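To keep things clear, I will list the structure first and then write my remarks on it.
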Amino acid sequence: MSTETQRVLVAEEIAEAGVAMLRESFSVDVGTSWTPEELASRIGDYDAILIRSATQLTAELIERGERLKVIGRAGIGVDNVDVAAATRRGIIVANAPQSNIVAAAEHTIALMLALARNVPQAHASLTQGRWERSRFGGVEVYEKTLGVLGFGRIGQLVAARARGFGMHVLAFDPFVSAERFRDLGAEQATSAADLYGRADFITVHLPRTPETRGWLNAEAFAQMKDGVRIVNCARGELIDDAALQAAIDSGRVAGAALDVFQTEPITDHPLFSYPNVVVTPHLGASTTEAQDRAGIQTAEQVVAALTGGVVSTAVNIPAVSAEDMEIVGPFLPLCARLGRLGRALGEGPGIDRVEIEFIGRIAERDTRLLTIAVLDGLLAGSTEEEVNLVNAPALARERGIEVSETRQAQSRDYQDIIRVTVVGAGESVRVAGTTLGPRHQPHLVAAWGQRLDLQLDQEHVALFRYVDVPGMIGRVGSEFGAAGVNIVSATVSRHESDRDGSREATAVMGLTTDRPVPGSVIDTIVASEGFLTGRSVSFGPG
0 MSTETQRVLV AEEIAEAGVA MLRESFSVDV GTSWTPEELA SRIGDYDAIL IRSATQLTAE
60 LIERGERLKV IGRAGIGVDN VDVAAATRRG IIVANAPQSN IVAAAEHTIA LMLALARNVP
120 QAHASLTQGR WERSRFGGVE VYEKTLGVLG FGRIGQLVAA RARGFGMHVL AFDPFVSAER
180 FRDLGAEQAT SAADLYGRAD FITVHLPRTP ETRGWLNAEA FAQMKDGVRI VNCARGELID
240 DAALQAAIDS GRVAGAALDV FQTEPITDHP LFSYPNVVVT PHLGASTTEA QDRAGIQTAE
300 QVVAALTGGV VSTAVNIPAV SAEDMEIVGP FLPLCARLGR LGRALGEGPG IDRVEIEFIG
360 RIAERDTRLL TIAVLDGLLA GSTEEEVNLV NAPALARERG IEVSETRQAQ SRDYQDIIRV
420 TVVGAGESVR VAGTTLGPRH QPHLVAAWGQ RLDLQLDQEH VALFRYVDVP GMIGRVGSEF
480 GAAGVNIVSA TVSRHESDRD GSREATAVMG LTTDRPVPGS VIDTIVASEG FLTGRSVSFG
540 PG
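Under numbering that gives the first Met the number 0, the first residue of the sequence shown is numbered 0, with each subsequent residue one higher.
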């Protein structure tokens with residue numbers, strides 16, 4: 000179909016410049032006042048639709064869009080789009096993931112300065128008829144240490160701006176290479192605890208995952224310097240509100256600036272009454288420029304989709320030939336899990352390089368999608384935005400992670416095998432896997448340099464390496480049982496090596512479980528005699 004006959008529906012308000020861009024190539028209707036019923040009856044007339052957050056594009060509505068080729072979401076999230084339904088229909092879903100990052104970074108700096116100098120409190124006092132200069136003395140940020148938890152796009156922009164104020168930036172993010180920290184003039188913290196003990200200000204830019212929920216809790220606050228100030232413009236769930244309140248009451252935390260909350264909208268909260276707490280109603284992305292940028296960037300993606308260009312912000316799976324997909328498709332879940340395992344088993348504070356080896360018949364196919372799946376698993380839960388098969392390579396590049404592929408047509412032990420090596424801070428860890436049986440079940444066949452065979456058919460996995468002596472398996476089982484964790488399957492692999500002229504046997508134990516294994520259980524086991532290391536990994540559904 001020629002571009003002159005293609006029709007675009009702008010269902011919600013976007014920047015006029017974005018609408019004008021679309022009008023240059025397509026027939027454009029603006030339906031910002033349409034009712035849901037009118038949208039449902041007319042969506043079938045359009046090749047593309049642009050929305051923001053109010054329109055709900057359900058599977059039923061997408062099914063009515065018989066001509067739809069692309070859905071543009073003017074913003075970051077795509078929670079209001081049934082992406083799976085769109086993908087099944089071959090419809091591209093694109094968003095504007097970088098539209099508000101400058102706004103969010105600037106708001107973080109604004110809140111940090113307001114907190115340091117008591118700006119809103121002094122304003123309120125003066126407008127109420129009081130002149131209280133001595134009451135609102137603050138602190139300088141010059142030569143103070145800013146701790147940045149999460150060093151993705153927004154964290155990096157905050158760091159650059161903080162350095163402009165003469166601050167020392169100390170950042171923690173295990174998914175960013177050491178070289179990237181150096182390039183941006185930030186010191187890489189060895190751990191979150193290292194950052195807590197040294198930072199005068201702490202700003203949080205972590206993704207929202209089960210692991211990061213309540214990240215700043217009582218234990219974290221106890222490790223911080225007295226007088227630290229906290230800024231959160233990311234997600235309310237990252238901070239345990241009760242723990243923050245207690246830390247302020249004790250004097251450990253001198254103040255906090257919050258733009259996000261666990262429940263929104265919210266107008267009543269215990270922290271709102273504190274004179275050293277600054278709050279705003281989730282204004283991080285609320286700038287004219289950010290809203291305009293979202294509309295323009297989304298319009299650009301729609302133009303690219305309808306004219307055969309590259310849709311760089313698509314959130315659903317890129318195209319692979321049917322012939323190659325038949326071979327590589329069953330390996331996608333395996334690759335994502337190998338990426339997750341490679342990250343989890345590593346010891347270093349960051350990731351510098353990922354090496355992926357394709358061995359067997361699969362080496363003769365288009366494996367780009369499998370490489371992306373490895374990166375998807377590697378980075379999942381580590382960024383401000385949701386990682387997917389389209390944006391994973393770009394996110395890896397932003398973090399300075401090098402990616403290499405090698406191929407070998409002949410496989411000795413299996414028809415196909417995929418090896419993933421994760422390198423960081425001078426350390427490397429390798430995992431390998433394959434698929435077996437008519438249902439192509441994923442299997443882990445190597446970890447920590449030792450062979451094993453663990454079917455990865457469960458969401459939760461635990462792995463241990465230990466000195467192979469009697470009773471080790473029973474100790475793991477006892478600890479798991481005491482914690483209420485049921486072992487679904489288990490495998491053990493023994494390896495003998497020469498050490499100082501004597502033979503030493505070590506073993507790797509792999510287990511799948513019916514629920515996540517608490518970190519405290521892993522720590523207890525690893526702290527006991529004979530255990531060398533252990534990890535608990537949850538892959539997530541799928």
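Just so you know, even glycine gets a beta-carbon here, dropped at the ideal spot from N, CA and C. Remember, it's a predicted structure, so these values are computed and weren't measured experimentally.
Can you tell me whether Arg429 is helix, strand or coil according to DSSP? Three-state DSSP puts Arg429 in a strand.
Please report how far the alpha carbon of Ala103 lies from the alpha carbon of Ala256, in whole angstroms. Near 14 Å, if we compare the C-alpha coordinates of Ala256 and Ala103.
Relative to the alpha-carbon of Leu510, which residue among Ile371, Gly529, Glu495, Val444 has its alpha-carbon at the smallest distance? Selected option, being the one with the closest Cα: Val444.
Tell me, to the nearest whole angstrom, how far the beta carbon of Leu553 is from that of Asp240; I am working on the premise that it is less than 8 Å. Since the displayed the chain opens at 0 and closes at 541, residue 553 lies outside it and no answer follows.
Excluding sequence positions up to five away, which residues of its chain have a Cβ less than 6 Å from the Cβ of Ala121? Closer than 6 Å at Cβ, skipping near neighbours: Phe135.
At 3 residues or longer, what runs of the beta strand (DSSP E) sit wholly inside the segment 432–509? For the segment 432–509, whole beta strand (DSSP E) runs of length 3 or above, ordered along the chain, are 440–446, 449–454, 459–466, 486–498.
Figure out for me which residue from Ala10, Thr54, Gly74, Thr34 has the closest Cα to the Cα of Tyr45. In terms of CA proximity to Tyr45, Ala10 leads the group Ala10, Thr54, Gly74, Thr34.
Given Cys334 as reference, the closest of Glu363, Val302, Ile371 once Cα atoms are compared: It is Ile371 whose Cα lies nearest to the Cα of Cys334.
Using only CA atoms, which one of Ser52, Ala53, Glu62, Met20 lies nearest to Ser40? It is Glu62.
Mapping the DSSP letters down to three states, classify Gly136 as helix, strand or coil. Looking at Gly136 - three-state DSSP - the assignment turns out to be coil, as it is neither helix nor strand.
Can you name the start and end residues of the alpha helix (DSSP H) that Arg367 belongs to? Where Arg367 is concerned, the enclosing alpha helix (DSSP H) stretches over 367–378.
Which same chain residues end up closer than 7 Å to Lys77 when comparing Cβ atoms and leaving out the 5 residues on each side of it in sequence? A small fix is needed here, since residue 77 is Val in this sequence, not Lys. For Val77, where only same-chain residues beyond five positions count, the Cβ hits under 7 Å are Val92, Asn94, Val314.
Less than 8 Å between the CB atoms is what I'm expecting for Ile326 and Ile361, so what's the real figure, rounded? Yes, Ile326 and Ile361 are in contact; Cβ-Cβ is about 6 Å, under 8 Å.
Please list, in chain order, all residues of the same chain as Ala14 whose beta carbon is under 6 Å from its beta carbon, the five residues on each side excluded. So the qualifying residues of the chain are Asp291, Gly294, Ile295.
When DSSP labels each residue in this structure, what does Ala335 get in the three-state scheme? Reduced to three states, the DSSP call for Ala335 is helix.
So the candidates are Asp412, Leu374, Val118; which of them puts its Cα closest to the Cα of Leu394? For Leu394, the nearest C-alpha among the options comes from Leu374.
Identify the continuous beta strand (DSSP E) that holds Glu401 and give its terminal residues. Unbroken beta strand (DSSP E) run through Glu401: 401–407.
What residue does the beta strand (DSSP E) around Gly254 start on, and which one ends it? Looking at the DSSP string, the run of the beta strand (DSSP E) that includes Gly254 is 252–257.
How would you label Ser1, buried or exposed, when you count the other beta carbons within 10 angstroms and need 16 or more for buried? Caution is warranted here: a pLDDT of 46 is assigned to Ser1, below 50, making its placement in the model unreliable, and no coordinate value can be reported.
For Phe164, does the three-state DSSP call read helix, strand or coil? Three-state result, Phe164: coil.
So, at 7 Å on beta carbons, what are the nonlocal neighbours of Leu156 in its own chain, with the 5 sequence-adjacent residues on each side left out? Within the same chain, and ignoring the five residues on either side of Leu156 in sequence, the residues whose Cβ sits closer than 7 Å to its Cβ are Ile100, Val101, Ala104.
Backbone secondary structure at Thr297 - three-state DSSP: Note: Thr297 maps to helix in three-state DSSP.
Suppose the cutoff is 6 Å on Cβ atoms and the five residues either side in sequence are ignored; what does the same chain contact list for Leu531 look like? Arg464, Tyr465.
Count the C-beta pairs between the segment 143–155 and the segment 164–181 that are closer than 8 Å, then say yes if the count reaches three, no if not. Cβ pair count under 8 Å is three or more, so yes.
By a C-beta neighbour count over all protein chains shown, 10 Å radius and 16 as the cutoff for buried, is Trp214 buried or exposed? Around the CB of Trp214, 16 or more other CB atoms lie within 10 Å, so the residue is classed as buried.
Please state the DSSP three-state secondary structure of Ala185. The answer is coil: DSSP assigns Ala185 none of H, G, I, E or B.
In angstroms, rounded to a whole number, what distance separates the CA positions of Ala170 and Val80? Using only the alpha carbons, I get a separation of about 34 Å.
Whether Thr505 touches Ala461 by CB criterion (9 Å): Cβ distance not < 9 Å, so Thr505 and Ala461 don't count as in contact.
According to DSSP, what are the bridge partners of Leu215? The partner list for Leu215 (beta bridge, DSSP) reads Ile238.
Along the chain, where does the beta strand (DSSP E) that runs through Leu148 open and close? Where Leu148 is concerned, the enclosing beta strand (DSSP E) stretches over 144–148.
Taking only three categories from DSSP, how would you classify Leu8? In the structure shown, Leu8 sits in a strand (DSSP, three-state: E or B).
Measure the Cβ-Cβ separation of Ala489 and Val520 and say whether it is below 9 Å. For Ala489 and Val520, no; Cβs fall outside 9 Å.
Leaving out five residues before and five after Phe538 in sequence, what residues of the same chain have Cβ atoms less than 7 Å from its Cβ? Exclusion of the five residues before and after Phe538 leaves Arg336, Arg339, Glu458 as the residues of its chain whose Cβ lies within less than 7 Å of its Cβ.
Just how far apart, CA to CA, sit Val310 and Gly89? Cα to Cα, Val310 sits roughly 14 Å from Gly89.
Which whole runs of the beta strand (DSSP E) in the segment 24–78 are 3 residues long or more, in chain order? Listed in chain order, they are 26–29, 47–50, 69–72.
Leaving out five residues before and five after Gly541 in sequence, what residues of the same chain have Cβ atoms less than 6 Å from its Cβ? Because Gly541 carries a pLDDT of 44, less than 50, the predicted location of this residue cannot be relied on, and the following value inherits that uncertainty. For Gly541, there are no CB contacts under 6 Å within the same chain when 5 residues up- and downstream are skipped.
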